[in-house]
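Number 194 in the UniProt record's numbering belongs to position 194 of the sequence shown; there are no gaps in the numbering.
Here a beta-carbon is modelled for each residue, glycine too, at the ideal position from N, C-alpha and C.
Have a look at the structure below, then the notes.
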Amino acid sequence: MPETYSSPCPSAKLFDAAVPFNRIDADLILRSNDSVDFRVHRAILEMSSSFFAEGLDALDKRNIGMTLPEDGCLPICYFYADSHTINLVLRHVYPFPTPDVQDIGNAFDVLQVAREYDFRLVTTAMKKTVLRLAEESPLKVYARASLRRCEGEMRVAARLSLRYPILDAYTPELEKLSAGTYHRLLSYHRLCGRVAAAVIDDLRWATILYDAGCDTPSWSSCQLCPKFALGSVRGSDVELRATSWFHTLLLTIKQALRARPCGSTVYASELSEPSLGEAMTCLVCRATALPDWKRFVALLRDEVNHVISEVSYIPFELPALSADQSVSSSQVQLEIP
């Protein structure tokens with residue numbers, strides 16, 4: 001078992017980090033803002049971070065306050081992060097099992113430190129973690145990203161929020177969010193709802209189903225079911241007509257897309273089951289209604305995702321920080337013995 005270390009530097013307010021960040025063969029100390037010392041190896045940090053790759057002399061030039069530690073101490077680099085966050089960052093850098101970060105706050109803490117000190121692999125890992133958490137709780141991640149001034153993560157969370165009815169969603173983080181920031185999310189959601197619903201009004205993307213060599217869909221070819229005119233396809237002479245069950249299904253999906261404007265919405269079984277159940281009562285439609293619908297819904301999903309991807313984001317840019325709020329991209333202090 002490797003030897004561990006207890007600091008000889010007298011201080012009643014300093015604490016040594018737990019194993020494995022208290023090894024005696026370390027050559028640098030990272031000190032957290034809650035006074036925990038992490039004894040680390042510069043070679044590992046230099047390979048993981050371009051910030052530390054500059055070396056101690058370069059780090060020294062970046063700093064404002066320099067002090068000399070007592071005899072027996074290593075160079076000390078002050079991190080503007082708490083010990084829990086530094087521990088998570090280092091466990092992504094050192095050859096240990098990567099921690100599974102489940103808390104959104106912890107994920108943003110680690111992401112902020114990783115970006116500030118240019119731990120690129122940690123940044124990539126945390127962006128994936130934030131994406132995973134945003135898939136589960138997009139509104140919460142949107143709010144946290146706004147409060148942390150992470151515009152990229154705000155945009156990702158805004159896009160993922162389209163999977164849910166935004167007006168019914170709530171998270172306690174909204175209490176800290178500005179009205180303007182929340183309003184921009186609502187505006188984006190509403191705009192996407194309009195363009196997604198408009199896909200049902202212009203079915204030019206669906207004319208591939210009527211191309212030569214393809215069987216005409218049952219909702220168009222059936223002579224037993226009542227028919228409704230869907231209108232002409234814009235830019236062509238194709239006149240679309242559909243059975244009553246298919247017409248009802250389109251209207252149902254259109255309404256759902258206004259509330260949840262994303263491709264996955266069209267696969268919701270509660271939307272299609274009533275109309276497909278009606279199709280099963282028709283002697284003609286029952287034979288091919290389900291496979292015809294699967295072909296149609298795959299095209300519909302792709303078209304919805306396409307038009308949503310072309311929506312210009314409502315500006316999510318955050319106001320500039322005031323002079324007394326400004327944050328340096330390299331806030332660090334270093335003690336050289």
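Contact check, ALA125 vs LEU177, beta carbons under 8 Å: The beta carbons of ALA125 and LEU177 sit no closer together than 8 Å.
CB-CB length for VAL110 against VAL122, believed under 8 Å: With 8 Å as the limit, VAL110 and VAL122 qualify as a contact, their Cβ atoms being about 7 Å apart.
Which residues DSSP lists as bridging residue 373, in chain order: With the chain represented from 1 up to 337, any question about residue 373 goes unanswered, as that position is not in the structure.
Complete runs of the alpha helix (DSSP H) confined to the segment 122-173 [at least 4 residues]: Qualifying alpha helix (DSSP H) stretches, in chain order: 138-147 and 151-160.
Strand pairing of THR243, partner residues [DSSP]: Beta-bridge pairing links THR243 to LYS227.
At least 3 beta-carbon pairs within less than 8 Å: the segment 236-250 vs the segment 158-172: Pairwise C-beta distances place the segment 236-250 out of contact with the segment 158-172, as fewer than three of them are shorter than 8 Å.
Which listed residue (GLU270, ILE104 and THR243) has its alpha carbon closest to that of ARG286: When each option's Cα is compared against that of ARG286, the closest is THR243.
Cβ neighbours of VAL101 in the same chain (closer than 6 Å, five flanking residues each side left out): ALA107 and THR129.
Span of the alpha helix (DSSP H) around ARG301: The continuous alpha helix (DSSP H) containing ARG301 extends over residues 289-309.
Three-state secondary structure assigned by DSSP to VAL19: DSSP places VAL19 in coil when its eight states are reduced to three.
Nearest residue (CA-CA) to ASP27, options ASN33, LYS13 and ILE76: Here the closest residue by C-alpha is ILE76.
Nonlocal neighbours in the same chain, by C-beta distance under 6 Å from PHE52, ignoring five residues either side: Around PHE52: LEU45 and GLU46.
Residue range of the unbroken alpha helix (DSSP H) whose run includes VAL36: Taken as a continuous stretch (DSSP letters only), VAL36 belongs to no alpha helix (DSSP H), being part of the beta strand (DSSP E) at 36-40.
Per-residue DSSP class, three states only, for TYR94: Here TYR94 carries a coil assignment [DSSP, helix/strand/coil].
With 16 other Cβ atoms within 10 Å as the buried cut-off, status of VAL19: Its Cβ having fewer than 16 others within 10 Å, VAL19 is exposed.
Beta-carbon spacing of THR248, LEU271 below 8 Å: Their beta carbons are not under 8 Å apart, which means THR248 does not touch LEU271 by this criterion.
Among PHE79, ARG163, LEU203 and ARG159, nearest to ARG115 - alpha-carbon criterion: It is PHE79 whose Cα lies nearest to the Cα of ARG115.
Close beta carbons around SER161, own chain, < 8 Å, minus the five adjacent residues each side: Within the same chain, PRO138, LEU139, TYR142, ALA169, LEU185 and HIS189 come within 8 Å of SER161 by CB-CB distance, once the 5 residues on both sides are set aside.
Check whether ALA279 and GLY193 have beta carbons under 8 Å apart: Their beta carbons are not under 8 Å apart, which means ALA279 does not touch GLY193 by this criterion.
Neighbourhood of VAL89 by C-beta distance below 7 Å, restricted to the same chain and skipping five residues each side: Excluding positions up to five away in sequence, the list reads VAL110, VAL113, ALA114, PHE119 and VAL122.
SER187 at chain C interface by Cβ criterion, 8 Å: The structure shown has no chain C; it contains just one protein chain.
Proximity below 8 Å, CB of LEU133 to CB of ILE104: Contact check for LEU133 against ILE104 passes: the beta carbons are separated by less than 8 Å.
For GLY263, the nearest candidate out of THR281, PHE96, ASN87 and PHE296 (CA to CA): Checked all of THR281, PHE96, ASN87 and PHE296; the closest Cα to GLY263 is PHE296.
Test item: CB-CB of GLU303 and VAL199 under 8 Å: Contact: yes.
Enclosing alpha helix (DSSP H) for THR181 [first to last residue]: Per DSSP, THR181 belongs to the alpha helix (DSSP H) from 179-201.
Simplified DSSP state of ARG260, which is helix, strand or coil: DSSP places ARG260 outside both helix and strand once states are collapsed to three, so it counts as coil.
Option in ALA256, ALA145 and ARG241 with minimal Cα separation from THR216: Out of ALA256, ALA145 and ARG241, ARG241 has the C-alpha closest to the C-alpha of THR216.
Secondary structure of ILE24, DSSP reduced to three states: The answer is coil: DSSP assigns ILE24 none of H, G, I, E or B.
Best match in ASP37, ASN33, LYS13 and SER32 for proximity to ILE24 [C-alpha to C-alpha]: Selected option, being the one with the closest Cα: ASP37.
Cut-off 7 Å between Cβ atoms - residues of its own chain near ASP82, not counting five sequence neighbours on either side: Hits under 7 Å: SER32, ASN33 and ASP34.
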